[in-house]
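J.:
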Amino acid sequence: MTLYALQNLTVEIAGNQLVQDVSLEVEAGQCTAIIGASGSGKSLTCLTPFGLNSGSAIGSMMLDGIDLSNATAAEMRSARSQLTGFVFQQPMTALTPHLTVGAQLREAGAQGGFAFTRSDMIQKLERVGLSRADEKLDQFPHRLSGGERQRVLIAAAIAHNPKLLIADEPTSALDAALRSEIMHLLDELRAEHGLGMLLVSHDLASVEGHADQLIVMDQGSVVESGPVAEVIANPKQDYTKRLIAATPRLEEPPPVLSDTGEIVLETSDICVEFPKPGWRRGKVRAIEDANITVRQGEALAIVGGSGSGKSTLGRAIAGIGPVTSGSIFWENELLPERRNRSLSMRALIQPVFQDPVASLDPQWKVSDIVAEPLINLRSEILKPDRIIKVQQVLNEVGLGDEYHDRSPTSLSGGQAQRVAIARAIVADSHMLVLDEATSALDPLVGAEILKLLAQLQREKDLSIIFITHDIAAARRLCHRIVVLDEGHIVEAGNMGDVLQNPQNETTKKLLAVS
Amino acid sequence: MKSLLHPSHWPLWVVIALIAAALLLPFILPWTYDQIDWDAVRAPAFTGSHLLGTDEIGRDRLARLAAGTRVTIMVAIAAALVSLIVGITWGATAGWVGGKVDEAMMRFVDALYALPFMFIVILLMVIFGRSILLVFVGIGLVEWLTMARVVRGQVMALKQRPFILAAEAAGTKPLTIVIKHILPNIAGVALAYLMLTVPQVVMVESFLSFLGLGVQEPLTSLGILVKEGADDMDVAPLGLLLPGGVLVLILVCLTVEGERLRDTYS
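Here the protein sequences line up with chains A and B, keeping their order. Be aware that the first sequence starts at 284, since it is given in the numbering used here, and climbs by one per residue. Be aware that the second sequence starts at 183, since it is given in the numbering used here, and climbs by one per residue.
1) Closer than 9 Å by beta-carbon distance: list the chain A residues that pair up with B:Ala374, in chain order.
2) What number of angstroms, rounded off, separates the C-alpha of A:Ala488 from the C-alpha of A:Val302?
3) Suppose you measure from the CA of A:Lys524 to the CA of A:Glu295; what does that come to, to the nearest Å?
4) Determine the chain B residues that contact A:Arg629 at a beta-carbon separation under 9 Å, and present them in chain order.
5) With 8 Å as the threshold, decide whether the Cβ of A:Ser238 is near any Cβ in chain B.
6) Look up A:Met344 in the DSSP assignment and give the residues it is bridged to.
7) Give me the Cβ distance between A:Cys329 and A:Asp451, rounded to the nearest whole Å; I'm assuming they're in contact under 8 Å.
8) Under the three-state reduction of DSSP, which class applies to A:Leu413: helix, strand or coil?
9) Enumerate in chain order the residues of its own chain whose CB-to-CB distance from A:Lys566 is below 8 Å, with the five nearest sequence positions on each side excluded.
10) Name, in chain order, the residues that DSSP records as bridge partners for A:Met480.
11) How big is the Cα-Cα spacing for A:Gln300 and A:Leu745?
12) Does DSSP classify B:Ile218 as helix, strand or coil?
13) In angstroms, rounded to a whole number, what distance separates the CA positions of A:Asp458 and A:Glu418?
14) Which two residues bound the contiguous alpha helix (DSSP H) that contains B:Arg243?
15) Contact defined as beta carbons within less than 8 Å: I believe A:Val505 pairs with A:Ile498. What is the distance between those atoms, to the nearest angstrom?
16) What ranges does the beta strand (DSSP E) occupy inside the stretch 191-215 of chain B, keeping only unbroken runs of at least 3 residues that lie completely in it?
17) Tell me where the beta strand (DSSP E) around A:Pro558 begins and ends.
18) Would you mind sorting B:Met183 into buried or exposed? The rule is 16 or more other CB atoms within 10 Å of its CB.
19) From what residue to what residue does the beta strand (DSSP E) around A:Trp647 run?
20) Determine, using beta carbons only, whether B:Ala363 comes closer than 8 Å to chain A.
21) Would you decide whether B:Tyr295 is buried or exposed? Buried here means 16 or more other CB atoms lie within 10 Å of its CB.
22) Taking 8 Å as the threshold (C-beta atoms), are B:Arg442 and B:Tyr375 in contact?
23) Do you know how far the Cα of B:Ala258 is from the Cα of B:Leu211?
24) In terms of residue numbering, what span does the alpha helix (DSSP H) encompassing A:Thr790 cover?
25) Is the Cβ-Cβ distance between A:Ile632 and A:Ala601 less than 8 Å?
26) Within 8 Å (strictly less), CB to CB, does A:Gln646 reach chain B?
27) Quick one, are the C-beta atoms of A:Leu660 and A:Ala630 less than 8 Å apart?
28) A:Gln496 bridges to which residues according to DSSP?
29) In angstroms with no decimal places, state the Cα-to-Cα distance between A:Gln579 and A:Val547.
30) Taking 8 Å as the CB-CB limit, is A:Pro538 close to chain B?
31) When we look at the beta-carbon of B:Glu325 and count the other beta-carbons within 10 Å, is it buried (16 or more) or exposed?
32) Hey, could you find the ends of the alpha helix (DSSP H) A:Asp780 is sitting in?
33) B:Leu347 touches chain A at which residues, Cβ-Cβ below 9 Å?
34) Determine whether the beta carbon atoms of B:Gly426 and B:Val408 lie at a separation below 8 Å.
35) Since A:Gln300 sits in a beta bridge, which residues does DSSP pair it with?
36) Cβ of A:Glu655 less than 8 Å from any chain B Cβ?
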């Protein structure tokens, strides 16, 4: 039975047509997924028919026999409050901060005309997998972790027994292990209540295996649609093909990687401690006894969930974070800590960060940003040569002359990450530390950045430390892998060996979710 | 900066026009602010060459209004500059260094906040005598506290941003990072708070002058003019309404502009 159907939906905001001619159907008990890059209009398609943003929707929109396009205000309200439940991307901002979890649930029930007792609510929270539900009822959203908040949000979204669940990037703000748990929870609930689900995501991998129908959107229009397995196995449109090729998957054949040379970087027993936040005494060990080696021209993946200490380790090696004890050697020469590193030592290892826009000073021009390391680290290069060098490096990362005078705020995420990479390699560094360098980017753009990195590695014989939570993405670039859990290295080895025969529970878990 | 020319920044233009008028009027008017016209004491408006009349001892109202505006604006700008320089230096140092230094510096700020400011200024006046310089110093010393707090918060937030880490990795020295990366990025917020500081200073100066603690006769300020006008308001309401009107106009315009800038930058 078709629960929700859009026919030729067009969304206009302030005279601009942002979504054109989208048609989709959600069957009861099934899941329809919309996939697309940011700005492709997928969220607008979901929210506008319910009047949840400023756009106006034109077209036929049928929800369970009600025509939303000419519904009265009362009908619209009942469609929103009783027939539909919403799960949003940011669980922190989607929960009202001054209401306890119990109050949120009671409110969610009230919109469907239910008056929940305490035991009802405990039951609902336990159903979405929240432990110690009784305690949590009296807590405020900021006391819960990201995963717990998302569970509360889901509990509130289905509290009034809706028929349709709209999930707008429900897992994008969570780390990989939580992602699959939440997706499985949504699957179970769907089967249990016969819910129809409309799922929005930018990540093809997280939709596969959970959705029945797939709709691929690009620039406001539907590019391709059909059953998920069929579309992925046999994509017809060029955009879909590129999107599928760009999404790293563990089943794909192993990539051909460049040869590696001598060991260049070696760490011995690195420990990093932070003081506990607030007034509490004591310290938190973020990294304990980490020993890693990296060869010339080799890419090493450091993989772990959020809070595993992988970024801390990367920063310690790059000399931009603290080291409590232990030592780092570069070609058997000791690298001192942070501010004590000489300029020539700094030039060896350069970092690239997750958020490309935040890693560029918004007040500077692109060419100045790239020139900064040259001025400090290669002060022997005179100004005319410097300008040529900057130009050359920007060309190497695929940015033409027209980008030199642009400000970072006018760049897209992918372009900004290219500038960040240019800055990292301009002073002839030997190693890059990439901290989730592709995680914040759309899959297509991320795949291009990975390709660029592989190419630079071949051309310049660079060593790379690739910090990520996504093993499938790391596999495209890296020779070896180190798995971190709560600050300890729990597994290390060649990429192929570890993937085929994982020894540690953490590794198995991470593999299961990517 | 170019965007300040946009018509939506009208409050700024009103203030600039007022300042320009206050600066230019002495060259045009036949009377100076302390000159007494014995033939026209308490003259109503448009009497001879006295466009807005004269006060109770025969001084030209328009000339005195211009002089008062000049003094008030001067005090405001000087105090705002002190607050800008001290506040940014203090706040940026505390925010950048962090840890115990930050604690100590910010507790000092808290301690100063706790002191009754008016009481201190009155004490200063009593000890060192009345002088316009003391008004500058006294007001400036207090107004930098908010600026320091705002700047510290901004610097601490910026310090976590990856581009600062990238600059460190690029071998940029800490002082250079602060000057080239941090300060340009807090300039917008600092400017906005500066705009909000100026009306506060104008208020404080007028209040001190109203109490008789500010600038000294025959030099005048908007606060003194309001006080004199208030004494005489049943006979010559113009003496209260004119300086009061100018004061309100300056305060409202600067506050509106400041709030707008603050909304844009923070």
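Just so you know, even glycine gets a beta-carbon here, dropped at the ideal spot from N, CA and C. This structure is a prediction, so every number in the text was calculated from the model and none was measured.
T.: In this structure, then:
1) On the second sequence, residue 374 of chain B is found 192 positions in, with the first residue counted as 1. What B:Ala374 touches in chain A: nothing, since even the nearest Cβ is about 16 Å away.
2) Position 205 of the first sequence, counted from the first residue, corresponds to residue 488 of chain A. Position 19 of the first sequence, counted from the first residue, corresponds to residue 302 of chain A. Within the model, the alpha-carbon separation for A:Ala488 versus A:Val302 is close to 24 Å.
3) Working through the first sequence from its first residue, we reach residue 524 of chain A at position 241. Working through the first sequence from its first residue, we reach residue 295 of chain A at position 12. Cα to Cα, A:Lys524 sits roughly 29 Å from A:Glu295.
4) As a working mapping, residue 629 of chain A is identified with position 346 in the first sequence. Proximity of chain B to A:Arg629 at the Cβ level (cut-off 9 Å) is accounted for by Glu350, Ala351, Ala352 and Gly353, in chain order.
5) Nothing can be reported for residue 238 of chain A, as the shown portion of chain A is limited to 284 through 797.
6) Your numbering for residue 344 of chain A matches position 61 in the first sequence. Bridge partners of A:Met344 according to DSSP: A:Leu289.
7) Within the first sequence, the letter at position 46 stands for residue 329 of chain A. Within the first sequence, the letter at position 168 stands for residue 451 of chain A. A:Cys329 to A:Asp451, Cβ: 6 Å. Contact.
8) Working through the first sequence from its first residue, we reach residue 413 of chain A at position 130. DSSP places A:Leu413 in coil when its eight states are reduced to three.
9) To locate residue 566 of chain A, count along the first sequence from 1; it is residue 283. Closer than 8 Å at Cβ, skipping near neighbours: Glu556, Phe557, Pro558 and Lys559.
10) What you label residue 480 of chain A is simply residue 197 of the first sequence in a count that begins at 1. A:Cys314 and A:Leu448.
11) As a first step, residue 300 of chain A is located in the first sequence; it is residue number 17 there, counting from the start. As a first step, residue 745 of chain A is located in the first sequence; it is residue number 462 there, counting from the start. Roughly 46 Å separates the two Cα atoms.
12) Counting from one through the second sequence, the residue named residue 218 of chain B turns up at place 36. B:Ile218 falls in the strand class under three-state DSSP.
13) Residue mapping note: residue 458 of chain A aligns to position 175 of the first sequence, counting from 1. Residue mapping note: residue 418 of chain A aligns to position 135 of the first sequence, counting from 1. Here the alpha carbons of A:Glu418 and A:Asp458 stand approximately 25 Å from one another.
14) Position 61 of the second sequence, counted from the first residue, corresponds to residue 243 of chain B. That run of the alpha helix (DSSP H) goes Arg243 to Val279.
15) Within the first sequence, the letter at position 222 stands for residue 505 of chain A. Within the first sequence, the letter at position 215 stands for residue 498 of chain A. So it is a contact: roughly 6 Å between Cβ atoms.
16) Runs of the beta strand (DSSP E) inside the stretch 191-215 of chain B: none found.
17) Sequence index remark: in the first sequence, residue 558 of chain A carries index 275 (1-based). According to the DSSP assignment, A:Pro558 belongs to the beta strand (DSSP E) that extends over Ile546 to Pro558.
18) Here the question's residue 183 of chain B lines up with position 1 in the second sequence. Reliability of the predicted coordinates at B:Met183 is poor, the pLDDT of 47 falling under 50, and the value obtained from them is presented with this limitation in mind. With fewer than 16 other Cβ atoms within 10 Å, it is exposed.
19) Walking along the first sequence from the start, residue 647 of chain A turns up at place 364. Element bounds for A:Trp647: n/a, residue is neither H nor E.
20) Indexing the second sequence from 1 puts residue 363 of chain B at position 181. Strictly speaking, residue 363 of chain B in this sequence is His, with Ala absent from that position. Yes, B:His363 lies at the interface with chain A (some Cβ there is under 8 Å from its Cβ).
21) As a position in the second sequence, residue 295 of chain B is number 113, starting the count at 1. Flag for B:Tyr295 reads exposed.
22) Position 193 of the second sequence holds residue 375 of chain B. Position 260 of the second sequence holds residue 442 of chain B. Result no, Cβ atoms of B:Tyr375 and B:Arg442 do not sit closer than 8 Å.
23) Working through the second sequence from its first residue, we reach residue 211 of chain B at position 29. Working through the second sequence from its first residue, we reach residue 258 of chain B at position 76. Those two C-alpha atoms are separated by around 25 Å.
24) Position 507 of the first sequence, counted from the first residue, corresponds to residue 790 of chain A. Counting along the chain, the unbroken alpha helix (DSSP H) around A:Thr790 starts and ends at Glu788 to Val796.
25) The sequence position of residue 632 of chain A within the first sequence is 349, counting from 1. The sequence position of residue 601 of chain A within the first sequence is 318, counting from 1. In this structure, A:Ile632 sits near A:Ala601, with a CB-CB distance shorter than 8 Å.
26) The residue given as residue 646 of chain A occupies position 363 in the first sequence. Closer than 8 Å to some Cβ of chain B, the Cβ of A:Gln646 qualifies, so yes.
27) The residue you call residue 660 of chain A lines up with position 377 of the first sequence. The residue you call residue 630 of chain A lines up with position 347 of the first sequence. Taking 8 Å as the Cβ cut-off, A:Leu660 and A:Ala630 qualify as a contacting pair.
28) Your numbering for residue 496 of chain A matches position 213 in the first sequence. A:Gln496 pairs with A:Thr315 and A:Pro510.
29) Position 296 of the first sequence, counted from the first residue, corresponds to residue 579 of chain A. Position 264 of the first sequence, counted from the first residue, corresponds to residue 547 of chain A. Spanning the two alpha carbons is a distance of roughly 6 Å.
30) Here the question's residue 538 of chain A lines up with position 255 in the first sequence. Chain B contact via Cβ: absent.
31) Counting from one through the second sequence, the residue named residue 325 of chain B turns up at place 143. B:Glu325 is buried by the Cβ-count criterion.
32) Counting from one through the first sequence, the residue named residue 780 of chain A turns up at place 497. For A:Asp780, the enclosing alpha helix (DSSP H) starts and ends at Met778 to Gln783.
33) Counting from one through the second sequence, the residue named residue 347 of chain B turns up at place 165. Simply Arg598, Ala601, Ile603, Gly604, Pro634, Phe636 and Ser642.
34) Mapped onto the second sequence, residue 426 of chain B falls at position 244. Mapped onto the second sequence, residue 408 of chain B falls at position 226. Yes, the pair counts as a contact, with Cβ atoms nearer than the cut-off.
35) Residue mapping note: residue 300 of chain A aligns to position 17 of the first sequence, counting from 1. A:Gln300 is bridged to A:Glu295.
36) Here residue 655 of chain A refers to the residue found at position 372 of the first sequence. Yes, contact with chain B.
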